[in-house]
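Chains as they are written, first to last, in this note's numbering: chain S, 15 to 184; chain V, 29 to 132; chain C, 391 to 1034.
A virtual CB, placed ideally from N, CA and C, is assigned to each residue, including glycine.
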């Protein structure tokens, strides 16, 4: 067993542990922090898979942006130290059964499916390659989705401001 | 990473995915449900990256999809936070059981 | 002036009067509306005189026989190339005669009502209803088509219903109106089935085509119709008997007569018009209209009609002797007289020397309209004066109501068949045709005419004699010109109508016939009539105990006649006890429990299903997501099973 593999399994265990804590904890702020750790672990997995750019993005956007946003909204809507109201037992049982079935089903498929790698020569997943293909407008170029996504981001920005804006009562 | 089989990575992402599903179903608080969704999205991202790495190493599509998903997740979170805040203003709670005016 | 146009106008004018009065009645003064109605009706009476003159003396004759003349016709509902419902206006001897009678009596009643109904709250509506009735009755008699007749038949029923129930605040009037409507409606069911059978057999609804198809020898329609029999009568006989059932309902033949005496709850002029002179003879008219078919193709049906008529005549006359309400006496007298017309038709046959009965029946219809309307209007004047219908409140009124007295006496003489009044001639004709064709019916008729004379003079003596003259000697008639004029005019009719040579105008086949008149034959009926009058004088001329003693000596007979032979009670027993309990209740139970139960079960099933599935639409995001995930898992499982 190589070092990489050992690191991967440790990371995996951490990711899952923090994921479980995120889902099960009764304190919302802690949930956000556990989520943060889980996401950092995922970034570690990306690095292990030689995807430095994606890992960086994961850290910047998720850890630096989304989780911070979530923490902000927690501050806006919760007083500190508040425990979350428990869910109905029947709902928890149903959710557990459904997720367990789904998980077992998916794991069964994964373990019984043979993923055959293609034999073509691999390319390096460097930032340069990613940038070139992302902004290329030849075939297999991703400039159009890139532009669409940027418009979407703008729209989401404007939309969230409009939604969260206080409507002055006349 | 050559010593870690693809299946194990996929199992990691599957566990994470269904943790997210479970959280989405069992939580009552909208923000924690949002966090569960983030978990789900991340598990998908892991899948894309893993497939790109293991099965199609000569392509970049998995990376691109991950990028787009991260972007869209950011947009989604910003919108949902706005909605949650708006909801909080109106009902003074973000508990999903108390805000069921969509019923019937 | 054009005859056809006048004939159409006869029909249209009362309709316009009805529409106008009912639409604008609230805006005009009651007196004015009465005047409008009367003027319109007098105009139609003049027009129908004109048309009658034209028909009988100008254009109606072809080769020495009166033929039908279609003044106006259009096809209203075309079912197929053979079968259509036409609306039209036919002039032939009987319809022209009926036009004359209806418009004349109606005009008299309109004029009479101006005073009689004066001060009534719904005076205008009364005139509107009268006009509606006149319109529908005229439409009935000029129908070219069985179905047109049926429509007007029902319209007549409706207007009769409205007029009987005119005093709708009186429970008895409402009950009477309902009874009349239901009984005649029940009879009309038979009429409708008869119409359907006839039109099915003859493949037409047009009267004249139908008559031709069902009377021509060797006609395929007739052969198809008479080939099947049921209970000894051919299908055609059954169809015609069903048609007659409708006529019996309208004409109050036994056992459907029960509505007519109760219908006297209506205003008296209405009784005079509808329930004496015009509507109740609609049944006679109907049989007369189809007489050719009856006589040629279904003589068995015709003889049944004759026996029903003879029985009803006798039956109603006996009841009339015991009634104390003067209008009811007149009502039973009407039933009896109409039954005379019926059996006169029934004893008649087709062909030379056979069909005097037809003419006699129409003749009696004509004269009866005059003297019976006169009797009713006279009774109305009496009721108007004493404010009661009961005989015991009357007596000695001859000084108080001199004009009424004289005209009433003339009418009584006419109905009793004393020469030379109108009733004598028509009744003689009926009796002699019965004598020639059916002896039993002749004797029944003879006795009945004696009873008729008796009860009419019982009525007359009880009203105008019996007690001492009214002490005040006050004349009640001074200011009632509009009531007296119709009385006088109608009494002229009652006296002189019999002198018309009726046979030369109206006969079954249009050819002029000579009504049989033998002096020797007439002696018996007249003698019986005179005897009956004298008997009535002896019993009722002066106040005495004799009638009470007499009735006590035949108590059983008297009581049963007084209670109308318990026919009403039998009907009530059959409908309320038997029909209601055996059919109505189970049907209601079935309706409420089974039919409603099924509907309710469907409804509650739908409700419970929707209650149970509406939880799915809970508005809970997580529940939706669970269903979503479950669906996806199932789909995935399906795909896996299929492709792995």
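Need the endpoints of the beta strand (DSSP E) that residue i sits in, please.
i                      : result
residue 459 of chain C : 459-468
residue 478 of chain C : 474-481
Is there a Cβ of chain V sitting closer than 8 Å to that of residue i, yes or no?
i                       : result
residue 91 of chain S   : yes
residue 186 of chain S  : In the structure as shown, chain S begins at 15 and stops at 184. Residue 186 of chain S is therefore absent and cannot be evaluated.
residue 171 of chain S  : yes
residue 142 of chain S  : no
residue 129 of chain S  : yes
residue 1019 of chain C : yes
residue 150 of chain S  : no
residue 31 of chain S   : no
residue 1027 of chain C : no
Sort out for me which residues DSSP pairs residue i with in a bridge.
i                      : result
residue 456 of chain C : C:451
residue 44 of chain S  : Its beta-bridge partners do not exist; DSSP assigns none.
residue 188 of chain S : Residue 188 of chain S cannot be examined here, being either before or after the span of chain S that is shown, 15 to 184.
residue 57 of chain V  : V:123
residue 624 of chain C : C:619
residue 828 of chain C : Residue 828 of chain C pairs with nothing; no bridge assigned.
residue 954 of chain C : In DSSP, residue 954 of chain C forms no bridge with anything.
residue 715 of chain C : C:780
residue 856 of chain C : C:932
residue 75 of chain V  : The partner list for residue 75 of chain V (beta bridge, DSSP) is empty, contrary to what the question assumes.
Which chain V residues sit within Cβ distance under 9 Å of residue i?
i                      : result
residue 110 of chain S : 50, 53, 54
Please identify the residue among the options whose C-alpha is closest to the C-alpha of residue i.
i                      : options                    : result
residue 90 of chain V  : S:178, S:17, S:19, S:139   : S:139
residue 41 of chain S  : S:158, S:98, S:88          : S:98
residue 957 of chain C : C:584, C:576, C:645        : C:645
residue 938 of chain C : C:671, C:604, C:782        : C:782
residue 404 of chain C : C:415, C:522, C:440        : C:522
residue 716 of chain C : C:729, C:733, C:661, C:672 : C:661
residue 700 of chain C : C:737, C:950, C:951        : C:737
residue 102 of chain S : V:31, V:38, V:57           : V:57
residue 86 of chain V  : S:147, S:176, S:120        : S:147
residue 629 of chain C : C:600, C:538, C:924        : C:600
residue 160 of chain S : S:15, S:56, S:145          : S:145
residue 79 of chain V  : S:124, S:141, S:166, S:174 : S:124
Please list the partners that residue i has in chain C, where partner means a Cβ-to-Cβ separation under 9 Å.
i                      : result
residue 122 of chain V : Simply none; closest approach about 12 Å.
Name the chain V residues that come within less than 8 Å of residue i, Cβ to Cβ?
i                       : result
residue 1015 of chain C : 52, 53
residue 24 of chain S   : Chain V residues near residue 24 of chain S: none, gap ~12 Å exceeds 8 Å.
Kindly indicate the opening and closing residues of the alpha helix (DSSP H) around residue i.
i                       : result
residue 780 of chain C  : First-last for residue 780 of chain C: undefined, no H or E at that position.
residue 805 of chain C  : 792-806
residue 126 of chain S  : 103-126
residue 147 of chain S  : 141-148
residue 603 of chain C  : 597-605
residue 568 of chain C  : 561-592
residue 1034 of chain C : Per DSSP, residue 1034 of chain C belongs to no alpha helix (DSSP H) and is neither H nor E.
residue 161 of chain S  : 157-178
Could you check whether the Cβ of residue i sits closer than 8 Å to any Cβ belonging to chain S?
i                      : result
residue 32 of chain V  : yes
residue 993 of chain C : no
residue 985 of chain C : no
residue 63 of chain V  : yes
residue 974 of chain C : no
residue 97 of chain V  : no
residue 91 of chain V  : yes
In chain C, what lies closer than 7 Å to residue i by C-beta?
i                      : result
residue 115 of chain S : 1023
Listing by chain order, which chain S residues have their CB less than 7 Å from the CB of residue i?
i                       : result
residue 77 of chain V   : 60, 63, 65, 68
residue 1030 of chain C : 123
residue 1011 of chain C : Under the 7 Å cutoff, chain S gives no residues; its nearest Cβ is about 12 Å from residue 1011 of chain C.
For chain C, check one thing: does any of its Cβ atoms lie closer than 8 Å to the Cβ of residue i?
i                      : result
residue 104 of chain V : no
residue 119 of chain S : yes
residue 132 of chain V : With a pLDDT of 45 at residue 132 of chain V, under the threshold of 50, the modelled position of this residue cannot be trusted, and the question is left open.
List the residues of chain S that residue i touches, going by C-beta distances under 8 Å, in chain order.
i                       : result
residue 977 of chain C  : Within chain S, no residue comes near residue 977 of chain C; the closest Cβ sits about 52 Å away, beyond 8 Å.
residue 1005 of chain C : Here the premise fails: no neighbours, minimum Cβ distance about 13 Å.
residue 119 of chain V  : Within 8 Å Cβ-Cβ: nothing; residue 119 of chain V doesn't reach chain S, min ~11 Å.
For the ligand PLP, any of its heavy atoms closer than 7 Å to the Cβ of residue i?
i                      : result
residue 108 of chain S : As presented, the structure is devoid of all ligands, the ligand PLP included, so that no description of it is given.
For residue i, return the contacting residues in chain D, with the cut-off set at a CB-CB distance below 7 Å.
i                      : result
residue 165 of chain S : The chain inventory of the structure shown lacks chain D, comprising the protein chains S, V and C.
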